[in-house]
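Have a look at the structure below before the remarks.
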Amino acid sequence: MPLPDLIEIVPLSAAPEVEITVPGSKSITNRALILAALARGDMTLEGALWSEDTQVMVDALRRLGYAIDVRPDPGEPGNRTLGVTGLGQAIPAGGTAEQPLELFVGNAGTAARFLTAFLCLGQGVYRLAGVPRMHERPQAALLHALRELGYRIDSEDDKLPVTIHGAGPSAGSCRVDIGESSQFASALLLCAAPGQWQIDIDGESGVESPYVVMTTGLIEVFPSGGGRLAIEPDASGGSYFWAAGHILSADGGKPVTVARWPGSGWQIDAEFPAKLPLSGAVSRRDDLGDSIMTAIAIAPLASCPMRFIELGRLRVQECERVEALRTGLAKCGAAVVESGDTLEISPGELHGATIETYDDHRVAMCFATLGLKVPGIRIKNPSCVRKTFPTFFQKLAAPVPGGLGATLLDERGNPLEPNQLVAD
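Residue numbers (the numbering used here): 6 to 429.
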């Protein structure tokens, strides 16, 4: 059953003492799916996120001809255990120039970028497309790097849709700039060994970029001959519950914790609990990844003014996220100043508002978290959380110990049961 068009969050009077489970990391799941397809044998991915972004990756690989078995996860309803039969370097053939094999990636940046590089290793012609917003998102630096390696990729404006002429492994070197997205480097690195590619990375902090570190770390431990891999929980998704516990705690403690909190060092957002209470300046590049949005959303409740810097990448993701956050907070009465790629937010009293989510899962979850403290916050199009966290609203409403025990209302003011709050 779909979620209602609008959900109102009723604040909690205090934070429950509870340990919440969250689904697996989207970033690791989609990287692992590419590596599993390239493995020489059967792979089992445990704790894999099951959401819109990972399902489009599974669907694309299945359409290519990969056998992928999907089974329930006994410990987390938002996860699945995925069995992938890897084919090594034998990427299934595509179509012809007249009739390419069509693959759809929705608005999943990881699927779009990773599959672009992956399909170059195949033979034949593939056409990769997504939703209109995905067709606006950056892709040029990745396409330029693949062309430098000798691959033919046709695109009107160096964005999706693209037509990829697979040519198999092609030994060579290329340089890629990750100023717009580190996914460009990750896409190339995931396929570098079978492709016989040498990758040089420019922009931001190069090979030290947090999501590049995730990719290289996963490649190092991945059993390329087949085996099992446990995917750790999603730190970005866990940030909402750390934040909820913090803003609801009278003494600024952390009564809400997240089970199996990642310790691999691969997820920069695993640093989120250490950033509480908020103070000073926080960087999207050096301090936090997507969870900087969570920090921005609760910043008006901080005890001191906050500066959030180097936010440029947020502008070219699922929506123009800097604008979405500034606009939403201003509607709630917050004092927010935007200057370049910086937001300055001062503490102050907030009130309820109806929040436009722009079909962006993180905008919805950020403001829903704020709504656990501020009365009257209503989330439009809450179903957008299906992209990475379909059970998010269910976990807000489920009684302790499965959730926070919050009351959520539909647009008519009727309470919603937890079993009504999974985004299909």
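Even glycine gets a Cβ: it sits at the ideal position worked out from N, Cα and C. Since we're looking at a predicted model, the values are computed, not measured.
Relative to the C-alpha of residue i, which residue among the options is closest?
i, options, result
"G114", "A134, G99, G100", "A134"
"A116", "T347, D58, E107, P238", "D58"
"L147", "R138, D205, A95, A300", "D205"
"G317", "A275, P143, Y71, D78", "P143"
"G184", "G270, L195, S214, G155", "S214"
"I384", "A176, G333, G338", "G333"
"G242", "P16, C371, I73, D207", "C371"
"A240", "A275, N386, I96", "A275"
"P282", "Q272, V61, H251, R312", "H251"
"R290", "K280, P404, A302, I273", "I273"
From residue i to residue j, what distance separates their C-alpha atoms?
i, j, result
"H149", "V181", "8 Å"
"R265", "A235", "12 Å"
"E13", "L426", "12 Å"
"F398", "R391", "10 Å"
"R367", "A19", "24 Å"
"C324", "L330", "10 Å"
"L66", "K259", "41 Å"
"L377", "L253", "8 Å"
"P93", "R45", "Checking the displayed sequence, the identity of residue 93 turns out to be Gly instead of Pro. Rounded to whole angstroms, G93 to R45 spans 5 Å at the Cα level."
"G100", "G177", "25 Å"
"S32", "S296", "13 Å"
"A340", "E349", "8 Å"
"A197", "V89", "20 Å"
"Y363", "A72", "35 Å"
"G83", "P238", "11 Å"
"V379", "A335", "14 Å"
Would a C-beta distance cut-off of 8 Å place residue i and residue j closer than the cut-off?
i, j, result
"T49", "T26", "no"
"S160", "R36", "no"
"H140", "P174", "no"
"I314", "A286", "yes"
"P9", "D429", "no"
"T374", "V15", "no"
"Q128", "A102", "no"
"C389", "D415", "no"
"S284", "P352", "no"
"G408", "L401", "yes"
Cutting at 6 Å between CB atoms, please list the residues of its own chain near residue i, excluding the five before and the five after it.
i, result
"W247", "F277, P278"
"V327", "L316, L319, R320"
"T262", "E24"
Excluding the five sequence neighbours on either side, which residues of its own chain have a C-beta within less than 8 Å of the C-beta of residue i, listed in chain order?
i, result
"T121", "L133, Q144, L147, L148, L151, I158, V167, I169, A192"
"G230", "A44, R45, G46"
"S187", "E209, S214, P215, Y216, V217"
Leaving out five residues on either side along the sequence, give the residues of the same chain with a beta carbon under 7 Å from the beta carbon of residue i.
i, result
"D78", "G52, N84, R85, T86"
3-residue-minimum beta strand (DSSP E) runs that sit fully inside the segment 138-209, ordered along the chain: Taking only runs of at least 3 residues, the beta strand (DSSP E) segments lying wholly in the segment 138-209 are 157-159, 167-172, 177-182, 202-207.
Considering only residues of the segment 10-51, which uninterrupted alpha helix (DSSP H) runs meet the minimum length of 4 residues and lie entirely inside it, listed in chain order? Unbroken alpha helix (DSSP H) stretches of 4 residues or longer found wholly inside the segment 10-51: 31-43, given in chain order.
Report the start-end ranges of each beta strand (DSSP E) in the segment 79-105 that is 3 residues or longer and not cut off at the edges. Listed in chain order, the complete beta strand (DSSP E) runs (minimum 3 residues) inside the segment 79-105 are 84-90.
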